[in-house]
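In the UniProt record's numbering, the protein residues as written are 1 to 291.
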């Protein structure tokens with residue numbers, strides 16, 4: 001009897017990754033759950049998925065995307081466990097609040113290491129086996145910040161934007177080998193990456209950007225009340241793994257769909273104005289120092 005297909009999901013210990021790993025396990029996939037702390041993470045995943053402790057379809061792998069040696073070791077462990085995976089889902093992520101002026105450069109470095117450099121290294125390590133298999137899909141989990149640069153999360157937006165451009169380039173390179181690439185643009189889901197617990201905060205609430213912080217924070221907390229459960233995202237991911245085109249991009253959630261439509265239809269100037277009005281940001285020149 002043939003083994004069920006294998007999917008690798010990074011950041012599988014919480015949020016969208018946890019929900020997606022559990023959902024795909026219940027759909028019959030072998031799930032390689034890549035996470036920083038597999039001992040504790042696997043306990044949570046088994047409980048969420050309803051899996052028995054001895055079930056071999058849940059395979060934990062230790063992975064720190066900011067550490068090249070960890071990425072290399074994880075790739076070897078993945079191939080030893082399942083061979084070339086049918087799907088590789090780059091889900092792991094971090095978030096941070098603060099303006100460009102306020103966020104330290106080491107935060108930018110961690111952001112790009114987690115969202116871009118680490119995933120590139122993992123993909124490079126797994127691609128030879130996936131190419132040889134002649135089938136498979138690489139899925140990049142992006143967000144609204146990857147579609148349009150958003151204030152207060154510039155480092156996150158820049159990293160997600162880079163992830164999307166990388167996905168587009170990669171798709172053209174691997175399509176001749178029978179591989180495909182999908183970008184999922186996630187809307188607002190109820191995970192700790194959008195809460196105080198999951199975000200490093202670099203805002204100076206009494207500094208020159210205080211008015212900006214207050215308005216963005218109020219609008220953000222209002223949006224969080226409309227956040228959807230991560231299980232809805234997991235179902236969309238399962239559908240995306242069935243994509244057959246060389247490249248696909250899907251919005252997951254009505255807010256993500258609206259932003260993608262606006263990004264196609266509006267000019268850069270118009271979209272900047274819409275963003276300012278939607279977030280309640282001060283008008284141009286409003287915070288200028290008095291003469």
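Here a beta-carbon is modelled for each residue, glycine too, at the ideal position from N, C-alpha and C.
- Cβ-Cβ distances below 6 Å link residue 77 to 61 in the same chain, with the five nearest sequence neighbours on each side left out; the list follows chain order.
- Check the Cα spacing between residue 132 and each of 280, 84, 246: the tightest is with 84.
- As summarised for the segment 194 to 232, the continuous alpha helix (DSSP H) elements at least 4 residues long and confined to that stretch are 210 to 224, given in chain order.
- Between the C-alpha atoms of residue 284 and residue 27 there is a straight-line separation of about 51 Å.
- Rounded to whole angstroms, the separation of the alpha carbons of residue 251 and residue 180 is 17 Å.
- Residue 209 and residue 153 have their C-alpha atoms some 13 Å from each other.
- Each residue's CA atom was taken as its position, placing residue 276 and residue 134 some 46 Å apart.
- Contact between residue 49 and residue 92 is absent: CB atoms are separated by about 18 Å, not below the 8 Å threshold.
- Per DSSP, residue 65 lies in no beta strand (DSSP E) and is assigned neither H nor E.
- For residue 278, the uninterrupted alpha helix (DSSP H) segment begins and ends at 268 to 279.
- The DSSP-derived three-state label of residue 98 is strand.
- The DSSP-derived three-state label of residue 245 is coil.
- Going by DSSP, residue 10 is part of the beta strand (DSSP E) stretching over 6 to 10.
- The Cβ-Cβ distance between residue 70 and residue 41 does not fall below 8 Å.
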